[in-house]
Amino acid sequence: MRTRHYLAALSLLLVAACSGGCAGAQARSEVLWPTVKNVWPRVKQDVERGAGTPIPAPIQTSIDRLDAAIAADNWRQLDDVDRGILTNAAALGIRDRVDAEEISEGVAESLRERLRQFSDALQELKGLGL
Amino acid sequence: MNVAEDFKELLDDFVQETGRGLQAGTAELAAYAAGRSAHLSTLVGDPGFAVALRAERDAVALKAGITAVRQGDAADQRIVGLIHGGLSFAAKALATA
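So the sequence lines, in the order shown, correspond to chains W and U.
Under the working numbering, the residues of the first sequence are numbered 1 to 130, in order.
Under the working numbering, the residues of the second sequence are numbered 1001 to 1097, in order.
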């Protein structure tokens, strides 16, 4: 009888732990995702700068998919976003700004750091972790 | 120009923009923010300094979010681990009862 009570208590604990949203999923929805949505427009500028004109189709597809995920406010749609193609284009965009003497190499390092954190953030939202 | 104060002001602005507080409780995150602020201090007067200020703010905010997710995932794993262990123990007790 005592064991059954113990089992019941454990089951309730499991339900309680996840009924409010398991902590990891909650942090993704309420902390990281709003941040990604806020930062994306500035990272997007670097992506578009590096992609050139016209933007190659594979890059445009990932841009559109990320925009769509934000428009739908659904971070689970990020599975379709190729973060590698976005970060490569953004890195080229940052390099281009240095070459054009718009920013210093030190400022470029700040933009690259933001890009690294943005890429890591997309990975965390996909649940793949690092 | 006080870079540290400007940086903090931007972080506070971010909280207002997103309506979300930054999970800045970990020592790792505090060290990261201090490092980024120190880097910013070296850029005063550089072309594009305002761009760097905003980029560093974004980087710290993202790092805070990533930290929150990893802490949440770790907490979930601990809870699941505890429950799994407890259920295994209880199942054995029932089997031998």
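We put the beta carbon where it would ideally sit given N, CA and C, even for glycine.
**Request:** Classify Glu1056 of chain U as buried or exposed, calling it buried when 16 or more other Cβ atoms lie within 10 Å of its own Cβ.
**Result:** As a position in the second sequence, residue 1056 of chain U is number 56, starting the count at 1. It is buried - the Cβ of Glu1056 of chain U has at least 16 other Cβ atoms within 10 Å.
**Prompt:** With a cut-off of 8 Å, does the C-beta of Thr53 of chain W fall near any C-beta of chain U?
**Reply:** Along the first sequence, one-based indexing puts residue 53 of chain W at 53. Thr53 of chain W does not count as touching chain U.
**Request:** Just the chain W side, please: which residues come within less than 7 Å of Thr1042 of chain U by C-beta, in chain order?
**Result:** Within the second sequence, the letter at position 42 stands for residue 1042 of chain U. In chain order: Gly106.
**Message:** With H, G and I counted as helix, E and B as strand and the rest as coil, what does DSSP make of Ile70 of chain W?
**Reply:** Counting from 1 along the first sequence, the entry for residue 70 of chain W is found at position 70. Reduced to three states, the DSSP call for Ile70 of chain W is helix.
**Asked** What are the residues of the region 29-51 of chain W that lie near chain U, defined by any Cβ-Cβ distance shorter than 9 Å?
**Response** Glu30, Val31, Leu32, Trp33, Pro34, Thr35, Val36, Lys37, Asn38, Val39, Arg42 and Val43
**Message:** When you compare the CB positions of Ala121 of chain W and Leu32 of chain W, do they come within less than 8 Å of one another, or not?
**Reply:** By one-based count along the first sequence, residue 121 of chain W stands at place 121. By one-based count along the first sequence, residue 32 of chain W stands at place 32. Yes.
**Given Ile85 of chain W as reference, the closest of W:Arg42, W:Ala23 and W:Val47 once Cα atoms are compared** = Counting from one through the first sequence, the residue named residue 85 of chain W turns up at place 85. For the residues W:Arg42, W:Ala23 and W:Val47, the minimum Cα distance to Ile85 of chain W belongs to W:Val47.
**Prompt:** If you draw a straight line from the C-alpha of His1084 of chain U to the C-alpha of Thr1026 of chain U, how long is it?
**Reply:** Mapped onto the second sequence, residue 1084 of chain U falls at position 84. Mapped onto the second sequence, residue 1026 of chain U falls at position 26. Straight-line Cα distance between these residues: approximately 28 Å.
**Item:** Beta carbon proximity, Ser110 of chain W to chain U, threshold 8 Å
**Value:** By 1-based counting over the first sequence, the position of residue 110 of chain W is 110. Yes, contact with chain U.
**Item:** Straight-line gap, Ala1024 of chain U to Arg112 of chain W (C-alpha atoms, nearest Å)
**Value:** On the second sequence, residue 1024 of chain U is found 24 positions in, with the first residue counted as 1. On the first sequence, residue 112 of chain W is found 112 positions in, with the first residue counted as 1. Caution is warranted here: a pLDDT of 48 is assigned to Ala1024 of chain U, below 50, making its placement in the model unreliable, and the coordinate value is therefore given only provisionally. Between Ala1024 of chain U and Arg112 of chain W, the C-alpha separation is close to 22 Å.
**Request:** Spell out whether any CB of chain U is found under 8 Å from the CB atom of Ile135 of chain W.
**Result:** Examination of residue 135 of chain W is not possible in this model, given that chain W is present from 1 through 130 alone.
**Asked** Could you give the residue range of the alpha helix (DSSP H) that holds Ser119 of chain W?
**Response** Indexing the first sequence from 1 puts residue 119 of chain W at position 119. That run of the alpha helix (DSSP H) goes Glu105 to Lys126.
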